[in-house]
DNA sequence: TTGTATGCGTTATCAT
DNA sequence: ATGATAACGCATACAA
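Chains as they are written, first to last, in our numbering: chain A, 3 to 366; chain B, 3 to 366.
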């Protein structure tokens, strides 16, 4: 017999080799092509009886199409990519993660897509996008943490891979976007603080340079402006508990300290409350606090934290669906904004008139 | 001209078509096979000069090997899978996530592997493993949240895919494991509470049925036993803030309430502290608290939370490397245990002898 | 409707 | 050392 390189390998695996479409075709007594058509969902020109026979054969053999072969043939990866840039020093727990991913998974798994996730440092971000795209690992990207000066749009255009932005980057964004309405959420929070009688509402921001940070800032300002307030102290932070605590201390040290603070996320808000309370301030009496994200922890700190809430799972699902559409060439060019609501808890309760804290006049 | 289906597509893409190994070979004036060899890292039997010429051509064309074709040919996915089962209602922020993933990425990216991540519900767990394996999407799995009665070992054996367990499942585990020493960590925490003068050290567990929950329980018990303590009140919880708060209230309501609580994670510990304090208890004076994970938030709550710390990033890196070894047939069958340390903060500070809380005598 | 043949891009084997 | 060619498994254009 002639030498048989491949055969050797097959021989070894024979006992457990996975069935290919060839095996199915053989068992069904049809050609490979016919089997392929019979198995394809859109059932092209193929006899009903043949379809039944082939499917029965496939069932019997436990046939599962090999995605690698299909990928090569179809020039598709059947996968989407998500590259997250994270400073290794600031790998804070991200409330965004699990539920957003669950939503993504729900959307893509029914289409037999998978998610390729990488967490990278600054300098590896662009190379990672390039690698994933040029190797043909993914058919599109989810773009999180969109920056105000965003270099990835050009990169993606260069790579010729569709993408969906996770956020609300505004009209200049060249790709579809699905995001929560950060501006509206921030406005909601600020208006609530105003309604609860607060006079000096400060803001502690997330990391600068991000669209969502920017939009939350806009929302806070807009609400203050509408209410005719001129006080607008702001602390620049970075979404981390430590950053939130620092910014809070700085605000409280200022000559005209706030009587309320809106934080760009819950992690900072919780740390901020702790910082304020450890100085003897009472929350909400002396300082009202509202966060963003409504993480599960928010309801279980003391005092329970008010927060802007969004359905993160829906967000993930919608973003993934939009990306799949883009991959299929069904370009929904628009931007979708998910609404967010405010969950009011004790941290921002109104102070009874007879007991408003420092600087109050009042006697009931 | 005849109809040209494939050609048409190629024509359209011609302007931007990615270079294949054929293009490189042509430009270098060699055969496809020679080009392949010249490009392969282990440079087989091939002339030095040819190598140089081919590599230059590849460089010039910006050639990147197509992973899909390589996958088909090599019968490898060049990807590892991680299937996380998560109850959609308890999608709590997972401190484990980002830094662990960063470690995984660091290990696999240099080998040109990617991570396929899915978050699934109970009933989709097994089908997801099956799909990923039988479609040939991944070459191996990372197995997190190992259960005391673990059905996935059999599943993986059936699927014939290597895997690495994330944890310390004990000697009966049929696959290699990389985990932190939960038992030791829990012991450390408990011993510290004993050393700080606590008499009644309770435990609030994570979700039952998991190896790490079990091991932390063992560690807590062992420390108590060694110290000759008989008090061992325990609340069964689930790793969520809400569960931690409930268990805490139950413990405090018991006829003999604890003067210290060790929690299986920080989320529960933080919520537990809040629950205790909202009842007027002072931490650490009336109740000392230690958590597990040392999340960034731990240092920024009031009072700052003592916690068992591990290098999650290293963990991810080591686990991924172990999996890659297993995929390559280099079976490191053993189990690796990463050490963890205790970070002591105010929540567990010793109570000055003259001022021990309830039941204490104390003045000053 | 069905079978045949070809291409996807790579690696590996064989013959030169 | 190099070139030619088969093979990976699937989808599809084309002929029958």
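Cβ coordinates follow ideal geometry from the N, Cα and C atoms, glycine included.
(1) Cβ closer than 7 Å: which chain B residues qualify as neighbours of residue 302 (chain A)?
(2) Counting only Cβ pairs nearer than 8 Å, list the residues of chain B close to residue 99 (chain A).
(3) Pull up the CB-CB distance for residue 280 (chain A) and residue 293 (chain A), whole angstroms please, since I reckon it's below 8 Å.
(4) Checking 8 Å against the spacing of the C-beta atoms, do residue 29 (chain B) and residue 62 (chain B) come in under that value?
(5) My output table needs one value for residue 70 (chain B): the three-state DSSP class, helix, strand or coil.
(6) So residue 40 (chain B) is in the alpha helix (DSSP H); what residue range does that whole segment cover?
(7) Closest by CA to residue 266 (chain A), which one among A:327, A:190, A:321?
(8) Use the C-beta contact count for residue 286 (chain B): other C-beta atoms within 10 angstroms, 16 or more gives buried, fewer gives exposed.
(9) Give the secondary structure of residue 106 (chain B) by DSSP, where H, G and I count as helix, E and B as strand, and everything else as coil.
(10) Residue 161 (chain A) CB to nearest chain B CB: under 8 Å?
(11) What residue range does the beta strand (DSSP E) around residue 19 (chain A) cover?
(12) What runs of the beta strand (DSSP E), each 3 residues or longer, lie entirely inside the region 239-309 of chain A?
(13) Have a look at residue 140 (chain B) and residue 274 (chain A) and give me their C-alpha separation to the nearest angstrom.
(14) At the level of alpha carbons, what is the spacing between residue 237 (chain A) and residue 254 (chain A)?
(15) Suppose you measure from the CA of residue 109 (chain A) to the CA of residue 330 (chain A); what does that come to, to the nearest Å?
(16) Does the distance from the C-beta atom of residue 120 (chain A) to that of residue 116 (chain B) stay below 8 Å?
(17) Candidates A:68, A:233, A:272, A:259: which alpha carbon is nearest residue 247 (chain A)'s?
(18) Ordered along the chain, which non-local residues of its own chain (more than five positions away) have a Cβ less than 8 Å from that of residue 122 (chain B)?
(19) Rounding to the nearest angstrom, what Cα-Cα distance links residue 304 (chain B) and residue 19 (chain B) in this structure?
(20) Is it right to say residue 219 (chain B) is buried, meaning 16 or more other beta carbons lie within 10 angstroms of its own, or is it exposed?
(21) Let me know the alpha helix (DSSP H) ranges lying completely inside the region 122-191 of chain A, each 4 residues or longer, listed in chain order.
(22) Where do the ends of the alpha helix (DSSP H) carrying residue 56 (chain B) lie?
(23) With a cut-off of 8 Å, does the C-beta of residue 104 (chain A) fall near any C-beta of chain B?
(24) Can you tell me whether residue 237 (chain B) is helix, strand or coil according to DSSP?
(25) Can you say whether residue 342 (chain B) is buried or exposed, counting buried as having 16 or more other CB atoms within 10 angstroms of its CB?
(26) Which value, in whole angstroms, describes the spacing of the CA atoms of residue 261 (chain A) and residue 222 (chain A)?
(27) Check the Cβ-Cβ distances between residue 138 (chain B) and every residue of chain A, and say whether any is below 8 Å.
(28) If you check the beta carbons only, do residue 198 (chain B) and residue 168 (chain B) fall under 8 Å apart?
(29) For the region 171-205 of chain A, enumerate the residues whose C-beta is nearer than 7 Å to any C-beta of chain B, in chain order.
(30) If you draw a straight line from the alpha carbon of residue 32 (chain B) to that of residue 42 (chain A), how long is it in whole angstroms?
(31) Starting from residue 224 (chain A), follow the beta strand (DSSP E) in both directions and report where the run begins and ends.
(32) Is the distance from the Cβ of residue 241 (chain B) to the Cβ of residue 192 (chain B) below 8 Å?
(33) Apply the 10 Å Cβ neighbour rule to residue 212 (chain B) and answer buried if 16 or more other Cβ atoms are within range, or exposed otherwise.
(34) Could you give the first and the last residue of the continuous beta strand (DSSP E) run that contains residue 83 (chain A)?
(35) Excluding the 5 residues flanking residue 104 (chain B) on each side, which residues of the same chain have their C-beta closer than 6 Å to its C-beta?
Reading it off the structure:
(1) 243, 244, 247, 273, 276
(2) Neighbours of residue 99 (chain A) on chain B, chain order: 95, 96, 99, 100.
(3) About 18 Å separates the two Cβ atoms, so there is no contact after all.
(4) yes
(5) Here residue 70 (chain B) carries a helix assignment [DSSP, helix/strand/coil].
(6) 34-41
(7) When only C-alpha atoms are compared, the closest one is A:190.
(8) buried
(9) Annotated three-state conformation of residue 106 (chain B) is helix, per DSSP.
(10) no
(11) Taken as a continuous stretch (DSSP letters only), residue 19 (chain A) belongs to no beta strand (DSSP E), as it is neither H nor E.
(12) 262-265, 290-294
(13) 43 Å
(14) 10 Å
(15) 15 Å
(16) yes
(17) Distance check between residue 247 (chain A) and each of A:68, A:233, A:272, A:259 places A:272 closest, using alpha-carbon atoms only.
(18) 85, 86, 87, 88, 130
(19) 59 Å
(20) buried
(21) Taking only runs of at least 4 residues, the alpha helix (DSSP H) segments lying wholly in the region 122-191 of chain A are 124-136, 154-161.
(22) 50-63
(23) yes
(24) strand
(25) buried
(26) 15 Å
(27) yes
(28) no
(29) none
(30) 40 Å
(31) Note, residue 224 (chain A): premise wrong, no beta strand (DSSP E); alpha helix (DSSP H) at 213-228.
(32) No, the pair does not count as a contact, with Cβ atoms beyond the cut-off.
(33) buried
(34) 81-87
(35) 315
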